[in-house]
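Going by our numbering, the first residue of the sequence shown is number 36, and it counts up by one from there.
Ideal Cβ placement from N, Cα and C applies to all residues, glycine included.
Since the structure is predicted, the reported quantities are computational estimates derived from the model, not experimental observations.
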Amino acid sequence: MSRLLVEGGTVVSASGAAPCDVLVDGEKIAALLAPGSAPSSGELTRIDATGKLVVPGGIDVHTHMEMPFGGTFSSDTFFTGTRAAAFGGTTTIVDFAIQPRGASPREGLDTWMGRADGHCAIDFGFHMILSDVNDAALKEMEGLVADGVTSFKLFMAYPGVFYSDDGQILSAMQRAADCGALIMMHAENGIAIDVLVAQALAAGRREPKAHGETRPPALEGEATHRAIVLAGVAGCPLYIVHLSAAEALEEVAAARDAGRPVFAETCPQYLFLDASLMASEGFEGAKYVCSPPIRPAVHHEALWRGLGTDDLSVVSTDHCPFCMKDQKELGRGDFSKIPNGLPGVEHRMDLVYQGVVERRISLQRFVELTSTAPARLFGMYPKKGSLLPGADADLVVYDPEARHVLGVASHHMAVDYSAYEGTEVTGAVDTVIARGEVVVDHGAFRGKEGYGQFVARAPFAGVDVPVPARGDRAQVPGVFGAGAS
Ligand code: URP
Ligand code: ZN
Ligand code: ZN
């Protein structure tokens with residue numbers, strides 16, 4: 036079994052930072068050692084981290100590789116997408132299997148497992164998108180949780196595609212409360228949005244900019260509020276995905292202030308990309324079409340504050356790339372047909388690190404947002420998201436001073452544009468170790484297709500508020516059910 040020593044660096048965890056050498060034995064962290072104190076006996080591969088940070092491998096809990104959408108598939112395969120993730124310092128992804136309409140969640144999981152298993156360069160897990168909530172699907176949830184698929188995404192958007200109505204949402208939430216699952220919510224009022232889209236098309240609007248204008252922040256705030264109310268009635272924990280608007284953040288903050296098990300993530304596009312980009316020359320705005328849409332800078336500021344106060348617990352990417360050629364182009368002449376989604380899995384660590392550079396968040400918070408909190412919330416901690424002895428040896432040697440420019444010429448994602456073209460960042464990945472193997476070494480890929488293993492995740496436990504059994508819910512005033520304010 037190979038042994039590695041990452042020496043001379045500053046080890047950063049979600050709770051502190053200290054000079055330490057990290058001893059890796061096989062796939063696991065063996066020890067954190069005082070600098071220079073490693074035993075000299077036995078064969079040891081040494082990795083020099085002098086002047087560098089050593090952080091737990093990034094965990095991106097929101098990706099869509101090979102995802103069918105709008106008549107095409109997102110352009111990264113599980114191999115190209117996870118290789119790109121590794122280049123960016125991410126060592127685990129959690130992607131979304133989709134229950135096809137008219138079929139069972141288990142069929143969806145089998146299909147996605149067939150696409151990912153044997154192809155991922157880093158470890159991977161799955162959430163399950165419920166797109167057809169019925170009695171049979173609800174019954175299946177428990178078995179999926181037992182098999183390590185412990186989170187379920189529901190959509191208040193996309194009527195006729197992924198949409199669930201409030202009754203279906205409540206039923207799925209009740210089931211989640213019973214079987215220890217976490218409900219993830221795409222919180223946009225899709226019924227109202229479809230009216231605005233139809234009106235915009237009828238008024239002759241065709242260009243990408245109309246995508247953003249027909250998905251106003253108020254409809255994200257409303258849906259977020261409704262999701263929180265429904266989760267309270269069901270007594271289940273709730274995780275709002277890809278939160279983009281200050282209005283939605285206010286709802287999450289109010290729920291958390293009331294002690295409710297409500298969590299949210301945001302994504303780099305909602306922290307860095309201004310809504311005005313959708314009005315770019317010609318059809319260029321299509322590059323930035325995603326849902327919820329990118330917002331004006333006032334929202335970015337609110338979201339950075341939310342990351343600081345922990346009202347936002349995670350930064351994921353919602354990586355869902357579509358090439359301009361042949362894919363985004365499907366919506367030329369009709370903004371509502373532009374495939375929704377942005378590439379980003381490779382840039383998450385670097386972009387969140389800009390928060391450290393700009394003194395918006397601490398180094399520890401950087402680690403918490405990109406690795407430790409996602410591991411805790413999604414049942415992977417401390418195997419993932421930590422550098423504790425016994426944890427998987429997933430770690431990144433990160434150069435805090437190196438500067439580089441993001442763009443299509445240098446990125447590794449299988450997509451023909453970059454949403455961050457020309458953006459210069461401070462901080463860069465040097466070396467990435469995934470379960471004890473060096474997979475990226477100073478810009479060279481050393482991993483292999485199929486190295487990544489499926490991560491069976493534990494049921495939800497990432498909350499200190501006790502989750503009462505169904506029958507007891509109403510007896511916890513202000514937190515769950517009838518007593519909730
Ligand atoms: O525009 C987006 N977000 N595309 C991916 C699908 C989703 O809703 O997460
Ligand atoms: Zn979504
Ligand atoms: Zn998504």
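Is G215 near V180, with beta carbons less than 8 Å apart? yes
Please say whether A283 and I275 have beta carbons closer to each other than 8 Å? Cβ distance < 8 Å, so I275 and A283 count as in contact.
Roughly how many angstroms lie between the CA atoms of V46 and A238, to the nearest whole one? Distance between the alpha carbons of V46 and A238 is about 57 Å.
Under the rule that 16 or more other beta-carbon atoms within 10 Å means buried, what is S50, buried or exposed? S50 comes out exposed.
Using only the heavy atoms of ligand 1, determine whether one of them is closer than 7 Å to the beta carbon of C325. yes
Sheet register partners of P323 (DSSP bridge): At residue 323 the sequence reads Tyr, which differs from the Pro that was named. BP columns for Y323 are empty, so no partner.
Could you pull the DSSP bridge partners for G93 from this structure? T125
Check whether M163 and L144 have beta carbons under 8 Å apart: yes
Looking only at its own chain, which residues have a Cβ that is under 6 Å from the Cβ of G44, when we skip the five neighbours before and after it? A84, K87, V89.
Roughly how many angstroms lie between the CA atoms of A262 and S206, to the nearest whole one? 12 Å
With a threshold of 6 Å on Cβ separation, who are the neighbours of D158 within its own chain once the five nearest residues in sequence on each side are excluded? Excluding its 5 nearest sequence neighbours in each direction, D158 has C-beta neighbours in its own chain below 6 Å: T127, G487, Q488, V490, listed in chain order.
Quick check: does the Cβ of D353 come within less than 7 Å of any heavy atom belonging to ligand 1? yes
With 16 as the cutoff for other CB atoms within 10 Å, does V440 come out buried or exposed? exposed
Beta carbon shell of ligand 2 at less than 6 Å from a heavy atom: Those residues, listed in chain order, are H221, V276, H277.
Can the beta-carbon of E255 be found closer than 8 Å to that of A222? yes
In the DSSP assignment, find the unbroken alpha helix (DSSP H) run with D385 in it and report its ends. 383-392
Would you kindly work out how many angstroms separate the C-alpha atoms of C55 and L430, rounded to a whole number? 13 Å
Can you confirm whether the stretch 384-403 touches the stretch 312-323 when touching is taken to mean that 3 or more C-beta pairs between the two stretches lie within less than 8 Å? No, because fewer than three Cβ pairs between the stretch 312-323 and the stretch 384-403 fall closer than 8 Å, the two stretches do not touch.
Measuring straight from C-alpha to C-alpha, what distance separates V464 and F480? 12 Å
Could you tell me whether any non-hydrogen atom of ligand 3 is closer than 7 Å to the CB of H246? no
With DSSP as the reference, identify every bridge partner of K63, one or two as the case may be. D60, D427
Which value, in whole angstroms, describes the spacing of the CA atoms of E175 and R241? A straight-line Cα-Cα distance of about 42 Å links E175 and R241.
Only counting runs of 4 or more residues, tell me where the alpha helix (DSSP H) segments fall wholly within the stretch 246-297, in order along the chain. 252-269, 281-292
Is D229 helix, strand or coil by DSSP? helix
Element boundaries [beta strand (DSSP E), containing E472]: 472-476
Using alpha carbons as the reference points, say which of F307, S109, P243, P91 lies closest to T458. F307
When burial is assigned at 16 or more other CB atoms within 10 Å of the CB, is V230 buried or exposed? exposed
CB-CB length for A156 against F114, believed under 8 Å: 6 Å
Cβ of H99 within 7 Å of any heavy atom in ligand 3? yes
Output the boundary residues of the beta strand (DSSP E) element that contains H162. 158-164
For S37, which residues from the same chain have a beta carbon less than 6 Å from its beta carbon, with the 5 sequence-adjacent residues on both sides left out? Taking S37 as the centre and dropping the five residues before and after it, the same chain places no C-beta closer than 6 Å to its C-beta.
Separation of D345 from D499, as counted between CA atoms: Any reading at D499 must be qualified, since the residue scores a pLDDT of 42, below 50, and its modelled position is unreliable; no value is offered.
Using a 10 Å radius around the Cβ and a threshold of 16 neighbouring Cβ atoms, would you call A290 buried or exposed? Classification of A290: buried, given that the 10 Å Cβ count is 16 or more.
Go through its chain and collect everything with a Cβ distance to F122's Cβ below 6 Å, but skip five positions before and after it. E381, H447, V475
Within 10 angstroms of the Cβ of R492, are there 16 or more other Cβ atoms? Answer buried if so, exposed if not. buried
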